[in-house]
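First comes the structure, then the notes that go with it.
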Amino acid sequence: MRRIGFILFTVAVLATLVKLGFWQMTRAQEKESLGHALKFRSEQMYYSLASLPSDPRWYSLTLRGEFDHSKAILLDNQLYQGRPGYHVLYPFAVDEGWVLVNLGWIAAPTYRDQIPVLPEHHGEVLVSGIIAPPSALLELAPEVMGQGYPLRVQNISMVDLANHMDLTLPSWVLQIDPDSPLALNQTWIPVVMGPQKHYAYALQWFLMALAVSGLAFWWLRRSKP
Numbered sequence: 001m002r003r004i005g006f007i008l009f010t011v012a013v014l015a016t017l018v019k020l021g022f023w024q025m026t027r028a029q030e031k032e033s034l035g036h037a038l039k040f041r042s043e044q045m046y047y048s049l050a051s052l053p054s055d056p057r058w059y060s061l062t063l064r065g066e067f068d069h070s071k072a073i074l075l076d077n078q079l080y081q082g083r084p085g086y087h088v089l090y091p092f093a094v095d096e097g098w099v100l101v102n103l104g105w106i107a108a109p110t111y112r113d114q115i116p117v118l119p120e121h122h123g124e125v126l127v128s129g130i131i132a133p134p135s136a137l138l139e140l141a142p143e144v145m146g147q148g149y150p151l152r153v154q155n156i157s158m159v160d161l162a163n164h165m166d167l168t169l170p171s172w173v174l175q176i177d178p179d180s181p182l183a184l185n186q187t188w189i190p191v192v193m194g195p196q197k198h199y200a201y202a203l204q205w206f207l208m209a210l211a212v213s214g215l216a217f218w219w220l221r222r223s224k225p
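Quick note: the sequence shown uses the UniProt record's numbering, first residue 1, plus one each step.
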């Protein structure tokens, strides 16, 4: 019974390790596909909302319009060079509707109850950037939005923000071009972890599975009656 229990336990551990290894392989392949799509799509520029394809993610977009500085959004808990800060987002009005634009990172003041001095660009301006999914972090509980502006949020939920601002917003954010004269410090990157790390993690899981199987084989031979 002891040997049978050990064998069953070993099989369960091996199955878990191998499954984790293949999961990391799948994640690596997804990141490779994302990288190819990013390179291909970011080289294609659109100049209006109406011309965008049904899946506009990662395409480049240039729009002319005006920012609404009265409804500033501050994405909280953003680090840059070890300093805490925010990503500054403004609704941007164009002829076809509204777009939420991420201008980049700004440092947080020393005290939590203080708000940083936010940049303002009045009048009609030209904004270029990459269409990207909104930033999303793990939430332990549903976020309760405040009433005033600037509005500090933990996540960019387009539905909640659209309702809060009483605007019709697309499901994506325009990440401003780092070379734009309107851009702040740019900390946003489309792929946080490259495929190489996922392949390395997969190799670690497979090596652990090999080590467990080797130890199990050694123990079974040693304990053989």
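For glycine and all other residues, C-beta sits at the position ideal for the given N, C-alpha and C.
Integer Cβ distance of residue i from residue j, believed to fall under 8 Å
{"i": "alanine 209", "j": "valine 18", "result": "5 Å"}
{"i": "leucine 74", "j": "proline 150", "result": "5 Å"}
{"i": "serine 62", "j": "serine 128", "result": "According to the sequence provided, residue 62 is threonine. The question's serine does not apply to it. Threonine 62 to serine 128, Cβ: 4 Å. Contact."}
{"i": "leucine 167", "j": "isoleucine 176", "result": "With 8 Å as the limit, leucine 167 and isoleucine 176 do not qualify as a contact, their Cβ atoms being about 19 Å apart."}
{"i": "asparagine 172", "j": "arginine 64", "result": "In the sequence as presented, asparagine is not what sits at residue 172; that position holds tryptophan. Going by Cβ atoms, the distance from tryptophan 172 to arginine 64 rounds to 19 Å, so no, they are not a contact pair."}
{"i": "isoleucine 130", "j": "serine 42", "result": "6 Å"}
{"i": "histidine 69", "j": "glutamate 120", "result": "5 Å"}
{"i": "residue 226", "j": "tyrosine 46", "result": "Any property of residue 226 remains undetermined from this structure, which presents the chain solely from 1 to 225."}
{"i": "arginine 2", "j": "leucine 220", "result": "Between leucine 220 and arginine 2 the Cβ distance is about 11 Å, and since that is not below 8 Å, they are no contact."}
Other residues of its chain near residue i: CB distance less than 7 Å, five sequence neighbours each side excluded
{"i": "alanine 216", "result": "Thr10"}
{"i": "serine 213", "result": "Leu14"}
{"i": "alanine 37", "result": "Trp58"}
{"i": "arginine 222", "result": "none"}
{"i": "glutamine 147", "result": "none"}
Residue i (DSSP reduced to helix, strand or coil)
{"i": "glutamine 29", "result": "helix"}
{"i": "alanine 141", "result": "Note that alanine 141 scores 49 on pLDDT, short of 50, meaning its location in the model is unreliable and no value can be drawn from it."}
{"i": "glutamine 186", "result": "coil"}
{"i": "threonine 10", "result": "helix"}
{"i": "glutamine 44", "result": "coil"}
{"i": "glutamine 78", "result": "strand"}
{"i": "tyrosine 59", "result": "coil"}
{"i": "proline 195", "result": "helix"}
{"i": "leucine 215", "result": "helix"}
{"i": "leucine 89", "result": "strand"}
Neighbourhood of residue i by C-beta distance below 8 Å, restricted to the same chain and skipping five residues each side
{"i": "tyrosine 86", "result": "Leu74, Leu75, Asp76, Gln78, Trp105, Ile106, Ala108, Pro116 and Arg152"}
{"i": "glutamate 96", "result": "Ser48, Leu49 and Ala50"}
{"i": "arginine 83", "result": "Ala107 and Ala108"}
{"i": "glycine 123", "result": "Glu66"}
{"i": "alanine 72", "result": "Val88, Leu89, Tyr90, Leu118, Tyr149, Pro150 and Leu151"}
{"i": "aspartate 179", "result": "none"}
{"i": "valine 125", "result": "Arg64, Gly65, Glu66, Phe67 and Leu182"}
Beta-carbon contacts of residue i that lie in its chain and below 6 Å, excluding the five residues immediately before and after
{"i": "alanine 28", "result": "Pro195, His198 and Tyr199"}
{"i": "valine 99", "result": "Phe92 and Leu174"}
{"i": "alanine 202", "result": "Gly21, Gln24 and Met25"}
{"i": "phenylalanine 206", "result": "Gly21"}
> Between the stretch 76-85 and the stretch 156-165, do at least 3 Cβ pairs fall closer than 8 Å?
Replying inline: no
> Which full runs of the beta strand (DSSP E) of 3+ residues lie inside the stretch 94-176, going along the chain?
Replying inline: 97-107, 125-132, 151-153 and 173-176
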